[in-house]
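Mapping to our numbering: the sequence shown position 14 is -6, numbers consecutive.
Glycine is no exception: its CB is placed at the ideal position from the N, C-alpha and C atoms.
Predicted model, so just to flag it, every value in this text is computed and none were measured.
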Amino acid sequence: MAPFEALYGRKCRTPLCWFESGESVMLEPEIVQQTTKKIKLIQEKMRASQSRQKSYADKKRKDVEFQEGDHVFLRVTSTTGIGRALKSKKLTSTFIGPYQILKRIGKVAYRIALPPSLSNMHDVFHVSQLRKYVSDPSDVIESDDIQVKENLTVETLPL
-19 MAPFEALYGR
-9 KCRTPLCWFE
1 SGESVMLEPE
11 IVQQTTKKIK
21 LIQEKMRASQ
31 SRQKSYADKK
41 RKDVEFQEGD
51 HVFLRVTSTT
61 GIGRALKSKK
71 LTSTFIGPYQ
81 ILKRIGKVAY
91 RIALPPSLSN
101 MHDVFHVSQL
111 RKYVSDPSDV
121 IESDDIQVKE
131 NLTVETLPL
């Protein structure tokens, strides 16, 4: 007994045994021609479907490229390995950094300069794990504006 027959309780019907169920007997060249026509039709429909799906996906996708020397944030996830080291999931930031890009590797991967605390991690990351760091001049505190007295106190002015 064949496995198909044991599982389904009937014999498996293939194109070679259709004549047993009362249908007309087909010769081998005809079966091959019909099968190749069906395969070509299926391949055409698959190509059309794939191109349609690709166009939908490309509408949401954006090309991101970085230059050597740029600074980027690194996404904190379990796939990067950083997420496992951080304890609280709710209060941790989604990105850490900024880190400098050392080299582009391939089309979508970059080697970044990691600090010594993350030296046990692989230093090459996919572009989806990186976000460009844009420096904001308002975040920088000028050293001329800070006046420290001799007793190491700072005067604060009311706002």
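Which listed residue (the options) has its alpha carbon closest to that of residue i
i	options	result
S97	Y79, V114 and K(-9)	Y79
R84	T74, P95 and H51	H51
S115	P(-17), V104 and F53	F53
V104	P117, S73, P(-17) and R55	R55
Sub-7 Å separation of residue i and residue j beta-carbons
i	j	result
I76	I92	no
Contact set for residue i: own chain, Cβ-Cβ below 7 Å, skip 5 residues either direction
i	result
W(-14)	One point to set straight first is that residue -14 is Ala, not Trp, in the sequence displayed. Within the same chain, A(-14) has no close Cβ partners at all.
L94	Y79, M101 and D103
Own chain partners of residue i with C-beta closer than 6 Å, once the 5 adjacent residues on each side are dropped
i	result
K(-9)	E(-15)
S123	Bear in mind that the predicted position of S123 carries a pLDDT of just 49, short of 50, making it unreliable; the figure below should be weighed with that in mind. Nothing listed; no residue qualifies.
CB contact below 7 Å: residue i versus chain D
i	result
K112	No chain D is present in this structure, which holds just one protein chain.
Same chain, Cβ closer than 8 Å to residue i, five either side skipped, listed in chain order
i	result
K113	For clarity, residue 113 is Tyr in the given sequence; the question names Lys instead. The answer, listed in chain order, is D50, H51, V52, F53, G77 and P78.
Exercise. Three or more beta-carbon pairs under 8 Å between the region 21 to 28 and the region 40 to 49, yes or no?
Worked result: The region 21 to 28 vs the region 40 to 49: no contact.
Problem set entry | Inter-stretch contact (C-beta, 8 Å, three-pair minimum) for the region 103 to 113 and the region 76 to 95 | yes
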